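J.: Here the protein sequences line up with chains L and G, keeping their order.
The opening position of the first sequence corresponds to residue 1 in the working numbering, with each subsequent residue numbered one higher.
The opening position of the second sequence corresponds to residue 1001 in the working numbering, with each subsequent residue numbered one higher.
Using N, Cα and C, we set each Cβ at its ideal position, and we do this for glycine too.
Bear in mind the structure is a predicted one, so any value in this text is a computation, not a measurement.
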Amino acid sequence: MPKDVPRFWREIQQRYNMKGNKCGSCDRVYFPPRESCPYCRRESMGKMEKIKLSGKGEIITYTIIHVGPEEFEEQVPYPVAIIQLEEGPKITAQIVDCKIDELKIGMKVESEFRKIQQDGSTGAIYYGYKFKPVE
Amino acid sequence: MTDIGIVSYGGSIPRLRIKAEELADVWGKDGTRIAKGLGIAEKSVPSIDQDTATISVEAARNALKRCHINPQDIGSIYIGSESHPYAVKPTGTIVGEAIGATPDLMVADYEFACKAGTAGVQNCFSNVKAGLIKYGLAIGADTAQAAPGDALEFSAAAGGAAFIIGNEKVIAAINHTYSYATDTPDFWRRAEQKYPRHGGRFTGEPAYFKHVTNASKNLMEKAKTTPKDYDYAVFHQPNAKFPLKEAKILGFTKEQIKPGLKVSYIGNTYSGASLVGLAGVLDIAKPGDRILMTSYGSGAGSDSFDITVTDEISKYERDKAPLIDDMINDKEYISYGVYAKYTDLLYWE
Chain L
1 MPKDVPRFWR
11 EIQQRYNMKG
21 NKCGSCDRVY
31 FPPRESCPYC
41 RRESMGKMEK
51 IKLSGKGEII
61 TYTIIHVGPE
71 EFEEQVPYPV
81 AIIQLEEGPK
91 ITAQIVDCKI
101 DELKIGMKVE
111 SEFRKIQQDG
121 STGAIYYGYK
131 FKPVE
Chain G
1001 MTDIGIVSYG
1011 GSIPRLRIKA
1021 EELADVWGKD
1031 GTRIAKGLGI
1041 AEKSVPSIDQ
1051 DTATISVEAA
1061 RNALKRCHIN
1071 PQDIGSIYIG
1081 SESHPYAVKP
1091 TGTIVGEAIG
1101 ATPDLMVADY
1111 EFACKAGTAG
1121 VQNCFSNVKA
1131 GLIKYGLAIG
1141 ADTAQAAPGD
1151 ALEFSAAAGG
1161 AAFIIGNEKV
1171 IAAINHTYSY
1181 ATDTPDFWRR
1191 AEQKYPRHGG
1201 RFTGEPAYFK
1211 HVTNASKNLM
1221 EKAKTTPKDY
1231 DYAVFHQPNA
1241 KFPLKEAKIL
1251 GFTKEQIKPG
1261 LKVSYIGNTY
1271 SGASLVGLAG
1281 VLDIAKPGDR
1291 ILMTSYGSGA
1301 GSDSFDITVT
1311 DEISKYERDK
1321 APLIDDMIND
1331 KEYISYGVYA
1341 KYTDLLYWE
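1. Just reading off the beta strand (DSSP E) that residue 23 (chain L) is part of, what are its end residues?
2. Which residue's Cα is closest to the Cα of residue 1232 (chain G): G:1253, G:1249, G:1213 and G:1240?
3. DSSP state of residue 13 (chain L), grouped into three classes?
4. In the structure shown, what three-state DSSP assignment does residue 28 (chain L) receive?
5. Per the contact definition of three or more C-beta pairs closer than 8 Å, is the stretch 1170-1177 of chain G in contact with the stretch 1257-1270 of chain G?
6. Could you tell me which uninterrupted beta strand (DSSP E) segments, each at least 3 residues in length, are contained entirely in the stretch 1100-1145 of chain G, listed from first to last along the chain?
7. By the three-class DSSP mapping on this structure, what secondary structure does residue 969 (chain G) have?
8. Give the straight-line distance between the Cα atoms of residue 48 (chain L) and residue 1102 (chain G), rounded to the nearest whole angstrom.
9. Cα separation between residue 64 (chain L) and residue 1287 (chain G)?
10. Mark residue 1278 (chain G) as exposed unless 16 or more other C-beta atoms lie within 10 angstroms of its C-beta, in which case mark it buried.
11. By the criterion of Cβ-Cβ separation under 8 Å, what are the contact partners of residue 96 (chain L) in chain G?
12. Expressed to the nearest angstrom, what Euclidean distance is found between the alpha-carbon atoms of residue 1271 (chain G) and residue 83 (chain L)?
13. Return helix, strand or coil for residue 1098 (chain G), following the three-state DSSP convention.
14. Rounded to a whole number of angstroms, what is the C-alpha to C-alpha distance between residue 8 (chain L) and residue 76 (chain L)?
15. Of all the CB atoms in chain L, is at least one closer than 7 Å to the CB of residue 1054 (chain G)?
16. Could you give the uninterrupted runs of the beta strand (DSSP E) lying entirely in the stretch 55-99 of chain L, keeping only those of 3 residues or more?
17. Quick one: does residue 1057 (chain G) have its CB under 7 Å from some CB of chain L?
18. So, is residue 1 (chain L) buried or exposed, given that buried needs 16 or more other C-beta atoms within 10 angstroms?
19. Quick one: which unbroken beta strand (DSSP E) runs of 3-plus residues sit fully inside the stretch 1180-1222 of chain G? Chain order, please.
20. Using only the alpha-carbon positions, how far apart do residue 1057 (chain G) and residue 54 (chain L) sit?
21. Establish whether the CB of residue 115 (chain L) and some CB of chain G are separated by less than 7 Å.
22. Bridge partners for residue 117 (chain L) per DSSP, in chain order?
23. What's the C-alpha gap between residue 1120 (chain G) and residue 132 (chain L)?
24. On the three-state DSSP scale, how would you describe residue 1 (chain L)?
25. Anyone know if the C-beta pair for residue 1147 (chain G) and residue 1298 (chain G) falls short of 7 Å?
26. According to DSSP, is residue 1154 (chain G) helix, strand or coil?
27. Which whole-angstrom value describes the C-beta separation of residue 1077 (chain G) and residue 1164 (chain G), a residue pair presumed to lie in contact below a C-beta threshold of 8 Å?
28. Taking DSSP as the reference, what is the three-state secondary structure of residue 1003 (chain G)?
29. Give the secondary structure of residue 1291 (chain G) by DSSP, where H, G and I count as helix, E and B as strand, and everything else as coil.
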């Protein structure tokens, strides 16, 4: 089924460059970016500042996907982790370049540019971030 | 005269490898003999989520990590490859967006078999020389295709290197560049075909050797140099045999060639091959070192470069990104079955 190309295009800055934002009132960092800070609410309006995240973080927890969605079937078994980024936000991403039995909670990881999925062999290719262990 | 040349560089090589023996076993061939004949013991393989765009982005990001330039000052991006992910839609805009260089940017994807990356270097050099741009980014990268069972399967590999060209804080000045091209059908892939065809032994004398020899000779004539003036020479490396024979033809020693000869460990990275070799040499180069690099692209042509490493390389932050040898040593072996799946040799609906 064709994916939503405009939606992907709108998210390119987040997916390619991990562009998030920071509340100018309490300094909390959000990824993906938020329209306003849920803690400061009205106080944060107009003060949400765009920032580029470092792409460095730590694995908080992970799971191994053995039965993946259609576009990911060829990759099973593959790890998906919740990663706490240096700047604070927690995100979900695939872990690559790491054997499953070498994965550990607390492992330092960094983002890498990879192909996430594609609309079959004729559709658009969607790129974005995955994470790999830092040596 | 202000130096124009390499301001920064970076490589990217996927970590998966397949051994020549593993490939040979499947097709009932003698892997040890083939590995010895080609001088390629194993080759790099792209993971299922790696392609020319991801390799190019990683190489460009590695180049940017080593210098302090603002990506917005990059005025042109040229990417040479014969495996651009799209037939229509540039790899260059993906890279431009992923490094924050858009939108004031000249972008084009180049195609000239294995020499499209060095053509990008020449165009960035020309743009900087003409004063059109501050910095240019040239990348040669490929996830090379080989039909199952074809001789190319033992060499077609994945990898690439990115070079930022400019005239400030130049670590390696490009003194001269020269190109040599003729219509020679030694290797090709027709539109909409998945795998290339090649002329077997015809790819040697009238193709690779004629073009690399003439390009290198004519460049040295232009630069008024001889092989003795160079510390290193890097030639396109479809296998380890060709560049070593080329060195002998031109009068270079094995010692001049070896540091830039990476094909034995990763295979032929096509548009990336000579540039990965150059990156490997810059990883160890000292101020004053002189490098000759000549690429080769089937069809056919060669771009030759006379390069001098400057004092600036002493201050250059090389350790901010992995060296080519670090990437070569970071590897994981796969079986032919996994290779077939990852390189899309299997079809099903």
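T.: Looking at the atomic coordinates:
1. 19-23
2. G:1253
3. helix
4. coil
5. no
6. 1106-1110 and 1135-1143
7. There is simply no residue 969 (chain G) to check, as chain G begins at 1001 and stops at 1349 in what is shown.
8. 23 Å
9. 49 Å
10. buried
11. 1047 and 1049
12. 35 Å
13. helix
14. 24 Å
15. yes
16. 56-65, 78-85 and 90-94
17. yes
18. Residue placement at residue 1 (chain L) is flagged as unreliable, the pLDDT there being 45, under the threshold of 50; the coordinate-derived value follows with that caveat. The residue is exposed, with fewer than 16 neighbouring Cβ atoms inside 10 Å.
19. none
20. 16 Å
21. yes
22. L:126
23. 30 Å
24. With a pLDDT of 45 at residue 1 (chain L), under the threshold of 50, the modelled position of that residue is not reliable, and the figure given next carries that caveat. In the structure shown, residue 1 (chain L) sits in coil (DSSP, three-state: anything other than H, G, I, E or B).
25. no
26. helix
27. Contact flag wrong, Cβ pair sits at about 10 Å.
28. coil
29. strand
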